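Data first, discussion second: the structure below is written as structure tokens.
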Amino acid sequence: MRSPALRHVLTHLITPMLMCLGMGLAYMGAFVTPTPHHLPVAVVGEGPKAKVFAQTVKDRAGDRLDVRTVPTRSRAVDLLMARDIDGAYVPRAEAPELLVASAGSDMGATAVEKVFTPVAARQGLPLKVTDVAEPTPHDPTGQGLFFLLVALSIGSYASVAAIGAAGAALPMRVRGLLALGVSAVVGVIGLLLAGPVFHLAPHDLAGVWAMSWLYSAGILFVGVGLHTFLKRWTTLAMMVLFVMLNFTSSGGLFRPDLQNGFFGTLHAFWNGAGFVEGARGLLYFGDDGLARGLWTLVVWLLAGLAVTAVAAGYERMSTPSRRAHAAGAAHTSAAPAVSGDRDETARAAEAEQAAEEETEESVAV
27 MRSPALRHVL
37 THLITPMLMC
47 LGMGLAYMGA
57 FVTPTPHHLP
67 VAVVGEGPKA
77 KVFAQTVKDR
87 AGDRLDVRTV
97 PTRSRAVDLL
107 MARDIDGAYV
117 PRAEAPELLV
127 ASAGSDMGAT
137 AVEKVFTPVA
147 ARQGLPLKVT
157 DVAEPTPHDP
167 TGQGLFFLLV
177 ALSIGSYASV
187 AAIGAAGAAL
197 PMRVRGLLAL
207 GVSAVVGVIG
217 LLLAGPVFHL
227 APHDLAGVWA
237 MSWLYSAGIL
247 FVGVGLHTFL
257 KRWTTLAMMV
267 LFVMLNFTSS
277 GGLFRPDLQN
287 GFFGTLHAFW
297 NGAGFVEGAR
307 GLLYFGDDGL
317 ARGLWTLVVW
327 LLAGLAVTAV
337 AAGYERMSTP
347 SRRAHAAGAA
357 HTSAAPAVSG
367 DRDETARAAE
377 AEQAAEEETE
387 ESVAV
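Counting from 27, one number per residue, gives the positions in the sequence shown under the working numbering.
In structure tokens form, the structure reads like this:
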């Protein structure tokens, strides 16, 4: 290709085209056809009659449901609040009752209701639905935490380009301090959005800030460390890690029981799922699941610190060799000093332009 400018543009177009493909595969694979896969539910009752009824429901549903029996309604509520089941059916001669916890997943509660409404209809009885854990009235679908996750993610991975590219000349310890400060600011933004702006969190705002900070810091340290090795391809890597795989496996829209095994498996340890499930536990389920969510975020932060430490070591090792190479080139060059100064200025301008392009590309995406 004869035109360097055209080749430059086409090279930069590789990233958005790969993102287009990746986003399509990830989002459509995760969200287009939500189908129950071993959705855990319970039938309340003891004795052979309850067991036969539960087995009948299981036989008709196949692999869509995992059905168990529990002795009492209160035990079913405990399991719902521990998020061990997504719904519980209470057979009654007058009006059977379905227990759900929509704060854990509005889509999950809807899926359970679709399963048991026909069961009651076959008995010629109306179905009473009781929600034992409703989200705040300002977030009736319970999906506000997912969109908070999106905001925190964008603020975090877009900042990676600013710190990694525009701050490439800074020592790694300075970039690390910047990442720490930016993550704290992102956490404050998350607190404001969840609290006084949209009222997603009626209590425990300090806990929401702490989780937002941990989540953001993990992303920033992973990104700042990776930038040393990936350079302009860091944007693509961050999109894969913290958008394509992260949003789809977070459980913010669909619980893993409604997704295929790939995203359900990621839900067990990905950082977005740790944030969403931990925040749900903090706000709606009496801290159940909070510890696991926090540990997930801490592990991701530790992984980010490890990547950053490796990058810092690599930069320390490579800096002397770059200086030696530059010194050797200066001794062997026959070009005048003025020409060398001009070359250095040109290289600096090119580096600055590359940093600006990377930052603009990341923010635009």
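Cβ coordinates follow ideal geometry from the N, Cα and C atoms, glycine included. All values reported here derive from a predicted model rather than from experimental measurement.
Residue environment, residue i, which counts as buried when at least 16 other CB atoms sit within 10 Å
| i | result |
| --- | --- |
| L240 | buried |
| V78 | exposed |
| A360 | Any reading at A360 must be qualified, since the residue scores a pLDDT of 43, below 50, and its modelled position is unreliable; no value is offered. |
| L106 | buried |
| T261 | buried |
| L47 | exposed |
| A119 | exposed |
| V200 | exposed |
| V58 | exposed |
Pair within 7 angstroms by beta-carbon distance, residue i and residue j
| i | j | result |
| --- | --- | --- |
| R94 | V70 | no |
| P228 | T162 | yes |
| A247 | L331 | Note on identity: in this sequence residue 247 is Phe, with Ala being the wrong assignment. In contact: F247 and L331 (Cβ atoms closer than 7 angstroms). |
| L308 | D230 | yes |
| M237 | G304 | yes |
| V67 | L91 | yes |
| A114 | D314 | no |
| D157 | G134 | no |
| M270 | V186 | no |
| F280 | P60 | yes |
| T322 | G287 | no |
| A127 | K154 | no |
| L327 | A205 | no |
| T334 | G207 | no |
| A220 | L226 | yes |
Residues near residue i by beta carbon distance below 7 angstroms, same chain, minus five either side
| i | result |
| --- | --- |
| F289 | A56, T274, S275, P282 |
| A129 | A159, E160, P161, G168, R306, Y310 |
| F224 | H164, G170 |
| G298 | L175, N272, F273, S275, S276 |
| L151 | A121, P122 |
Alpha carbon of residue i to alpha carbon of residue j, nearest angstrom
| i | j | result |
| --- | --- | --- |
| V35 | G193 | 24 angstroms |
| A355 | S344 | The pLDDT assigned to A355 is 40, lower than 50, so where the model puts this residue is not dependable, and the model offers no usable value. |
| K25 | A188 | No statement about residue 25 is possible, as the shown extent of the chain runs from 27 to 391 and does not include it. |
| T291 | F173 | 22 angstroms |
| L32 | T41 | 15 angstroms |
| E123 | D104 | 16 angstroms |
| I245 | Y340 | 20 angstroms |
| A146 | R318 | 37 angstroms |
| H38 | M49 | 18 angstroms |
| L320 | F295 | 11 angstroms |
| V96 | L284 | 23 angstroms |
| P30 | G190 | 26 angstroms |
| P362 | R342 | Legend: pLDDT at P362 = 48, less than 50; position of this residue unreliable, no value from coordinates given. |
| A436 | W259 | The structure shown does not extend to residue 436, since the chain is modelled only from 27 to 391, so the question has no answer here. |
| V324 | D132 | 28 angstroms |
| A101 | L51 | Note that residue 101 corresponds to Arg in the displayed sequence, not to Ala. When rounded, the distance between both Cα atoms is 40 angstroms. |
| D85 | M54 | 30 angstroms |
| A195 | A210 | 23 angstroms |
| P74 | Q81 | 10 angstroms |
| P222 | V302 | 19 angstroms |
| P144 | A329 | 48 angstroms |
| V141 | L125 | 13 angstroms |
| E139 | V266 | 34 angstroms |
| R148 | H293 | 36 angstroms |
Close beta carbons around residue i, own chain, < 6 angstroms, minus the five adjacent residues each side
| i | result |
| --- | --- |
| S179 | F268 |
| V364 | Its pLDDT being 48, under 50, V364 is placed unreliably by the model, and the measurement read from it follows with that caveat. Contacts found: none. |
| G181 | V212 |
| G312 | none |
| L316 | G304, G307, L308 |
| V83 | V93 |
Other residues of its chain near residue i: CB distance less than 8 angstroms, five sequence neighbours each side excluded
| i | result |
| --- | --- |
| W235 | G213, V214, G216, L217 |
| A337 | M198, V250, G251, L252, H253, T254, F255 |
| D89 | H63, H64 |
| P117 | V69, V70, G71, A76, F79 |
| A177 | I215, G216, L219 |
| D110 | P66 |
C-beta neighbour in chain C for residue i, strict 7 angstroms
| i | result |
| --- | --- |
| G50 | Absent here is chain C; the protein component of the structure consists of one chain. |
Quick check on the DSSP output: what are the complete alpha helix (DSSP H) runs of length 4 or more inside the stretch 120-202, in order along the chain? 132-148, 170-187
I'd like the ranges of any beta strand (DSSP E) spanning at least 3 consecutive residues and lying wholly in the stretch 67-103. 91-96
Any chance you could list the alpha helix (DSSP H) runs of at least 4 consecutive residues sitting entirely within the stretch 291-357, in chain order? 297-310
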